[in-house]
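**Student:** Everything in the sequence shown is counted per numbering that gives the first Met the number 0, starting at 0 for the first residue and increasing by one. Here a beta-carbon is modelled for each residue, glycine too, at the ideal position from N, C-alpha and C. Computed from a predicted structure; not experimentally measured. Can you read through this structure? Questions will come right after.
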Amino acid sequence: MHNYENWCIFVPRFTDINLNIFLYDRTMKNILIIGSTGQIGSELTMKLRGIYTGNVVAGYIPGAEPKGELLESGPSEIVDITNAAQIGAVVDKYNIDTIYNLAALLSAVAENKPQLAWHIGIDGLMNVLEVSREKHCAVFTPSSIGSFGPNAPKDGTPQDTIQQPRTMYGVTKVTGELLSNYYALKFGVDTRSVRFPGLISYVTPPGGGTTDYAVDIYYSAVQGKKFVCPIAAGTLMDMMYMPDALRAAIEIMEADPTRLEHRNSFNIASMSFDPECIYQKIKEYIPEFEMEYQVDPLRQGIADSWPNKLDDTCARMEWDWKPEYDLDAMTKDMIEKLRIKFGINK
Ligand code: AKB
């Protein structure tokens, strides 16, 4: 069933030659999500399936198979990002026009496996871009606050500034931004991206990120456990609630290309806090909650090299980006949803 609010008139560019006006359905897209069972992918795939009427294909690797609703609500296929032929075959089979490339190792894991991080992040991206060049797909590849290094301005980090990360994660993110821009300029591939902050969600836990503490802290609080924080008090980082992040990923791909002065990648922001601040916020809802610090030198080193807070003015100007959740609204929702998840009545 089509929702006619989503239909729009498409006027071909050369109207003097061909005066036909086509009606086309903006919700008709065939989408492949690479890494569909990860922290972002598991929720983004479901959200895309709720919006688009075409095939929304959940790409996964063996060992990370989709389950439950994710498996049952649409097609899924094995898609290893390091295998270009496999990506191409799935694109052909489902007539894919848009690829969400979510395959990556998060920052702390990437520091321990730098070669694999490059292989997935860059060799994999190259495969996605080549398939997209040949088969005319639009591509979303997330970047991160980790694409900045210690010599970028820490507060109000601008959209366009020095990007010299000292982590392999950051190196792959900056390289990915440049490579994606190159494919847009050189080959006209419709590549777009946002720089995600730490993402917080009650659905699928992250694995191996520097910002993961801001998810883990809610799990401990709701389950009545003392939280051991691996990040030092006073360490500010940008964070975002998953519903805002999912909306950003979809809105940037729907944005009017004639308004975009940037493509890869846009700063987006919604809240910035340190461990003490989120701890105090949770205590407003769970007063008995306790936390102690055992700083992890690897994660702390990475966090110290990242910005405190990004300036997202360009995203606001070029595609009307606007977050909906602040720390208080997120905390309320996280606690409510995790209590339901764990069957805790309060
Ligand atoms: C990580 O901590 O590695 C990620 C990120 C901020 O990109 N969550």
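Which residues in the same chain have their Cβ closer than 6 Å to the Cβ of D332, if we skip the five residues on either side of it in sequence?
**Tutor:** As a first step, residue 332 is located in the sequence shown; it is residue number 333 there, counting from the start. If we look at D332 and ignore the five residues flanking it on each side, it has no Cβ neighbours.
**Student:** I'd like to check one pair, S142 with N307: are the Cβ atoms closer than 8 Å?
**Tutor:** One-based indexing of the sequence shown puts residue 307 at position 308. One-based indexing of the sequence shown puts residue 142 at position 143. It is not a contact, given that the beta carbons lie outside the stated cut-off.
**Student:** Leaving out the 5 sequence neighbours to the left and right, which residues in its chain are closer than 8 Å to E260 when beta-carbon positions are compared?
**Tutor:** Reading the sequence shown from its first residue, position 261 is the one you call residue 260. C313 and E317, listed in sequence order.
**Student:** For the beta strand (DSSP E) that V56 lies in, which residues bound it at each end?
**Tutor:** Walking along the sequence shown from the start, residue 56 turns up at place 57. Unbroken beta strand (DSSP E) run through V56: V55 to Y59.
**Student:** Quick one: residues in its chain with C-beta nearer than 6 Å to the C-beta of D211, no 5 flanking neighbours on either side, listed in chain order?
**Tutor:** Taking the first residue of the sequence shown as 1, we reach residue 211 at position 212. Closer than 6 Å at the Cβ level, and outside the excluded window around D211, lie P205.
**Student:** Using the Cβ count rule (16 or more neighbours within 10 Å means buried), how would you classify P229?
**Tutor:** What you label residue 229 is simply residue 230 of the sequence shown in a count that begins at 1. Flag for P229 reads buried.
**Student:** How many Å lie between I267 and G155 at the Cα?
**Tutor:** In the sequence shown, residue 267 corresponds to position 268, counting from 1. In the sequence shown, residue 155 corresponds to position 156, counting from 1. Roughly 11 Å separates the two Cα atoms.
**Student:** Output the residue ranges of the beta strand (DSSP E) runs that lie fully inside the segment 85 to 130 and measure 3 residues or longer, sorted by chain position.
**Tutor:** Listed in chain order, the complete beta strand (DSSP E) runs (minimum 3 residues) inside the segment 85 to 130 are 97 to 100.
**Student:** Is the distance from the Cβ of L105 to the Cβ of G207 below 8 Å?
**Tutor:** Counting from one through the sequence shown, the residue named residue 105 turns up at place 106. Counting from one through the sequence shown, the residue named residue 207 turns up at place 208. In this structure, G207 lies closer than 8 Å to L105 by Cβ.
**Student:** Helix, strand or coil for D411 per DSSP?
**Tutor:** Nothing about residue 411 can be read from this structure; the chain reaches only from 0 to 345.
**Student:** Could you tell me whether any non-hydrogen atom of ligand 1 is closer than 7 Å to the CB of S106?
**Tutor:** Translated into the one-based positions of the sequence shown, residue 106 becomes position 107. Yes - ligand 1 has a heavy atom lying nearer than 7 Å to the Cβ of S106.
**Student:** How about A109 and A116: are their beta carbons less than 8 Å apart?
**Tutor:** For the purposes of this step, residue 109 is identified with residue 110 of the sequence shown, where counting begins at 1. For the purposes of this step, residue 116 is identified with residue 117 of the sequence shown, where counting begins at 1. A contact, by the Cβ cut-off of 8 Å.
**Student:** Could you pull out every residue in the same chain whose Cβ sits closer than 6 Å to the Cβ of D189, ignoring the five residues on either side in sequence?
**Tutor:** Locating residue 189 in the sequence shown gives position 190, counting from the first residue. Contacts found: A137.
**Student:** For T209, which residues from the same chain have a beta carbon less than 8 Å from its beta carbon, with the 5 sequence-adjacent residues on both sides left out?
**Tutor:** Numbered from its first residue, the sequence shown carries residue 209 at position 210. The residues are L105, S106, A107, G145, G197, I230, M236, R298, I301, A302 and W305.
**Student:** Which class does Y51 belong to by DSSP, given the choice of helix, strand or coil?
**Tutor:** What you label residue 51 is simply residue 52 of the sequence shown in a count that begins at 1. Of the three classes helix, strand and coil, the one that applies to Y51 here is coil, per DSSP.
**Student:** Go to D154, then tell me how far its beta strand (DSSP E) extends in each direction, as first and last residue.
**Tutor:** By one-based count along the sequence shown, residue 154 stands at place 155. Note, D154: beta strand (DSSP E), D154 to T156.
**Student:** Hey, W320 and A247: beta-carbon distance below 8 Å or not?
**Tutor:** Start at 1 with the first residue of the sequence shown, and residue 320 comes out as number 321. Start at 1 with the first residue of the sequence shown, and residue 247 comes out as number 248. Closer than 8 Å, so yes.
**Student:** Would you kindly report the start and end of the unbroken beta strand (DSSP E) that includes G197?
**Tutor:** Taking the sequence shown and counting its residues from 1, the one referred to as residue 197 is at position 198. Counting along the chain, the beta strand (DSSP E) containing G197 begins and ends at G197 to I199.
**Student:** Taking F341 as the reference, which of T174, Y201 and S131 has the closest Cα?
**Tutor:** Taking the sequence shown and counting its residues from 1, the one referred to as residue 341 is at position 342. It is Y201.
**Student:** Can you name the residues that DSSP bridges to K308?
**Tutor:** The count along the sequence shown starts at 1 and reaches residue 308 at position 309. Paired residue(s): D154.
**Student:** Please go through the same chain and pick out, in chain order, the residues whose beta-carbon is closer than 6 Å to the beta-carbon of Q158, but skip the five residues on each side of it.
**Tutor:** Counted from its first residue, the sequence shown places residue 158 at position 159. So the list reads N266 and C313, once near-sequence residues are dropped.
**Student:** Between which residues of its own chain and V173 is the CB-CB distance below 7 Å, once the five residues before and five after are set aside?
**Tutor:** To locate residue 173, count along the sequence shown from 1; it is residue 174. These residues qualify, in order along the chain: S146, Q162 and P164.
**Student:** Using the Cβ count rule (16 or more neighbours within 10 Å means buried), how would you classify I20?
**Tutor:** Position 21 of the sequence shown, counted from the start, is the residue given in the question as residue 20. Note on I20: pLDDT 46, under 50, position unreliable in the model; the coordinate value appears next. Exposed.
**Student:** Where does N180 sit, in a helix, a strand or coil, going by DSSP?
**Tutor:** In the sequence shown, counting from the first residue as 1, residue 180 sits at position 181. Here N180 sits in helix by DSSP.
**Student:** Does the separation of the CB atoms of V127 and G87 fall below 8 Å?
**Tutor:** On the sequence shown, residue 127 is found 128 positions in, with the first residue counted as 1. On the sequence shown, residue 87 is found 88 positions in, with the first residue counted as 1. Contact flag unset, no.
**Student:** From what residue to what residue does the beta strand (DSSP E) around V227 run?
**Tutor:** Stepping through the sequence shown from its first residue, residue 227 is reached at position 228. Per DSSP, V227 belongs to the beta strand (DSSP E) from F226 to C228.
**Student:** Quick check: the Cα distance between T81 and P61, rounded to an integer number of angstroms?
**Tutor:** For this step, residue 81 is matched to residue 82 along the sequence shown. For this step, residue 61 is matched to residue 62 along the sequence shown. Going by the C-alpha atoms only, they are around 13 Å apart.
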